[in-house]
Structure formats: C-alpha cells, structure tokens
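Note that my numbering has the sequence shown beginning at 11, numbered continuously upward.
Where a beta carbon is used, it is the ideal one built from N, C-alpha and C, also for glycine.
The structure appears below as structure tokens.
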Amino acid sequence: MDLLAEFHAHLSTLRIPSGRALVAVSGGPDSVALLDLLLRCADRHRLEPIAAHVDHGIHPDSARVAERLRDYAGERGILWESVALGLGAGSGETEARLARYAWLAATRLRLGAATVFTAHHADDQVETVLMRALAGSGPAGLAGMRAVSGWLVRPLLPFRREMLLRYVRERSLPVWIDPANADPAHLRSWLRVELLPFLRRRVAAVDDRLLRAGRQAARGRDAWDAALDRLPELDPRADDGGISVAGAPLGGYDSALAESVIMALARRAGCPLGPTRAARVLALVARGTSGAHVPLGGGWRAELSFGRLRLARIADSTRDAPWMLDGNAGEGAWGRWRLRWRPERAPERQERAAFVAWFTPDALLVRG
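Structure representation (structure tokens):
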C-alpha cells in the first residue's frame with residue numbers, strides 16, 4: 011500500500027468534519043506533503059483545504075519562502091492565507107509557536123473552518139515523548155500528541171519522516187529546508203541531531219520503543235478519562251466555563267486515586283494540571299470551605315461551591331492567551347481591557363500616553 015492509500019485509510023478513522031480546513035504549511039517537506047495528500051483525497055473526505063502560512067520573520071529568507079509558497083498555491087488553485095509576524099531573529103521557539111497558533115485559531119474562526127491540520131509525524135512524536143520524559147512529565151504527558159485535539163488535527167502521526175521525504179521526492183514537490191531544524195541551540199533540534207542519533211547507536215529500535223511507551227501512556231490517559239464516567243458518585247458535569255464533580259466522594263478516596271481523578275478531570279476540561287497542583291486541589295476539597303478556591307495557572311482555578319469541586323477558567327483569563335488582531339481596524343475585549351485599532355498616520359513626535367500607541371501596519375499579537 012502506498013502512502014496516499016495509507017493516509018486515506020487513516021484519515022477515514024479520524025472522523026474529520028467536512029468543509030473548510032486550514033492546512034498549516036511552513037514550506038518544509040512534512041507540511042508540503044500533507045497539503046498534497048489532503049488535496050489528492052479532498053473529494054473523498056469532502057474537505058476544502060486552505061493553505062495557511064505563517065512568516066515568523068525569524069529567518070532572513072522567510073519572505074522569499076512565503077512568496078514561493080503563495081505562487082505554488084496559485085499554480086494548483088489552492089486557497090491561500092498568510093501573515094507576516096515580523097518577530098525578528100532573536101525570537102525563541104515558544105514565542106513563535108504561541109504567535110503561530112494564535113493566528114491559526116483566529117483565521118480558522120474568520121474563515122469558518124472546522125479544523126486546522128498540522129504535519130506532525132511519527133518522528134515528531136518520538137521527540138515529544140523523549141522531551142517530556144526529560145522534563146519529568148507524568149504518564150499523561152508521556153502519551154505525546156493526540157491525532158485529534160479539539161479543532162487541531164495531526165493526521166501524519168502514524169507516518170515516519172523518511173516516508174514523507176520519499177513522497178515529496180517522487181512527486182517533485184517544491185520544499186524549503188529550515189536550517190533552524192538542525193540547530194542544536196534549540197532543544198528539539200538538539201534531540202533530533204545529537205541525542206537521538208547517539209541513542210540509536212546504543213539502544214536497538216529506540217524510536218519504536220519510545221513510540222510504544224507513548225501509546226501505553228495514551229491508553230492509561232484514555233482509561234482515566236473513561237473512569238470519570240464509570241464512577242457515578244462523582245456526577246461529572248461540563249459547562250461552558252469548566253467542569254465539576256461532587257466533592258464528598260473525592261474526600262473518601264485514597265489520595266493517589268483522588269489526585270489521579272482530579273488530573274483526569276482537568277485534562278477533560280483542557281486545563282494543564284500536574285501532581286503538585288492536583289494535591290493542592292485535593293487539600294481544597296479536604297478543607298471543605300464553600301467559596302474557597304486555589305489558582306491553577308494558565309487562566310484556571312479550582313473552586314469549591316455547595317459541595318462540588320469545579321475547575322474553571324478565570325473570568326479575565328483571556329489575558330493569558332495571545333490575541334492576534336485581525337484586519338486593519340476593529341475592536342474587542344482582552345481580559346479587563348477594551349482595545350480599538352485603526353489605520354492612522356503617526357505624529358512625528360509620539361506622546362508618552364499610556365493608552366495610545368502607533369505600530370507599523372502589519373500583523374499584531376497582544377500578549378500578557
């Protein structure tokens with residue numbers, strides 16, 4: 011079975027909603043292969059792929075890469091969306107990733123797309139599992155990336171990098187190799203070019219072993235999620251702002267069990283929660299003070315109210331999330347702030363007013 015047939019078969023198992031779908035395309039072999047594969051089976055899956063490119067402005071050739079991708083999309087009749095962020099050469103991986111996903115999320119909503127496809131593949135999963143192991147992640151973290159996480163879809167996770175490289179060569183697809191991917195100054199790149207090659211020389215089939223560890227951890231993660239609905243005394247309830255369970259049963263569980271249930275509850279809500287904070291939440295339940303709460307970071311908090319433990323977003327937690335300003339003019343709320351933006355000629359001398367600023371007419375990202 012060739013890659014296209016395998017990809018089509020795998021995509022069928024993911025139950026992707028039909029309609030518009032953003033495809034994040036960097037210009038590298040993985041994302042270009044993904045775009046081509048989706049185009050070739052779009053009709054069978056009733057998808058309308060839209061190529062979405064983020065020019066971070068970190069590499070000096072980034073504008074030229076964006077232009078080449080736009081021309082390629084035009085030649086193939088692909089809908090095209092792009093943004094130039096102008097982050098600069100000194101920007102780090104985290105800043106670039108936050109800005110990229112903020113723009114993809116905003117663009118998805120603006121275009122009415124149901125999903126955003128990214129080109130993470132099996133080798134990326136190997137690196138992710140290893141990175142999280144080195145960071146001391148628990149079993150849920152070692153599970154790695156999900157194939158489908160909300161509106162984010164990663165349909166290449168079963169496929170190895172070499173398969174994708176062979177595919178783009180056979181199809182003569184135009185690609186750009188980002189030198190940052192081989193720069194050991196970045197942790198993931200260091201794992202890729204130095205640590206993993208060393209491990210492969212010393213440990214047989216280390217990639218397969220790491221992938222197997224990730225799959226086993228994922229089964230454990232999924233089992234805990236299923237357990238929430240198999241413990242009727244918990245009475246889990248979801249709402250727009252969070253999720254809640256009955257507090258009294260948690261107080262009767264062994265502490266290890268109770269903390270595992272709390273972390274599973276947090277994962278279902280989309281709240282990142284490790285063992286230390288889970289223990290704080292359990293202590294909150296043990297105190298039993300209605301109205302008490304503890305912050306969980308990332309715009310989340312745990313609160314006890316009328317006998318129920320609730321994990322919820324804090325009212326102004328949007329301040330914790332980057333916001334990509336969309337269009338030349340607009341208005342919107344960000345946390346407790348109300349922002350308005352419009353094109354206007356800047357004065358020769360700008361006053362140091364706290365609530366007015368001028369920027370070059372480009373993509374703007376608001377961050378806390």
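Per DSSP, F169 lies in no alpha helix (DSSP H) segment and is marked neither H nor E.
The shortest CA-to-CA distance from A52 to any of S22, V185 and R359 is the one to S22. For R287, there is no enclosing beta strand (DSSP E); the enclosing alpha helix (DSSP H) has its first and last residue at P285 to R297.
In the three-state DSSP reduction, S159 falls in the strand class (E or B).
Under DSSP, the beta-bridge partners assigned to E313 are H303 and R320. According to DSSP, residue pairing for R247 in a beta bridge involves S254. DSSP places V93 in no alpha helix (DSSP H) but in the uninterrupted beta strand (DSSP E) bounded by L89 to A94. Counting only residues of its own chain and dropping the five nearest sequence neighbours on each side, W90 has a CB closer than 6 Å to the CB of A61, R80 and A83. Less than 8 Å separates the beta-carbon of E103 from that of H196. Taking all protein chains shown into account, P165 has 16 or more neighbouring C-beta atoms within 10 Å of its C-beta and is therefore buried. Of all C-beta pairs linking the region 265 to 275 to the region 180 to 199, fewer than three are shorter than 8 Å, placing the two stretches out of contact. For the 8 Å CB-CB criterion, P39 and L174 form a contact. Under the three-state reduction of DSSP, R229 is assigned to helix. Taking C-beta separations shorter than 8 Å and ignoring five residues to either side along the sequence, the partners of V42 in its chain run V35, V178, L183, P184 and V185, following chain order. Under DSSP, E58 forms a beta bridge with R30.
The region 279 to 297 makes contact with the region 306 to 325; the number of CB pairs closer than 8 Å reaches 3 or more. Per DSSP, V203 lies in no beta strand (DSSP E) and is assigned neither H nor E.
Contact between P353 and G148 is ruled out by a C-beta separation of about 49 Å, above the 8 Å threshold. DSSP places R212 in the helix class (H, G or I) of the three-state scheme.
The beta-bridge partner set that DSSP reports for R179 is empty. For V295, the closest C-alpha among the options W310, R311, A274 and G317 is that of G317. Under the three-state reduction of DSSP, F127 is assigned to strand.
Within 10 angstroms of the beta-carbon of A73 lie fewer than 16 other beta-carbons, which makes it exposed.
DSSP places V185 in the coil class of the three-state scheme, outside both helix and strand. Exclusion of the five residues before and after S199 leaves A190, N191, A192 and D193 as the residues of its chain whose Cβ lies within less than 8 Å of its Cβ.
A distance below 7 Å between beta-carbons, with the five flanking residues on each side excluded, links L201 to the following residues of its chain, in chain order: E137, L140 and M141.
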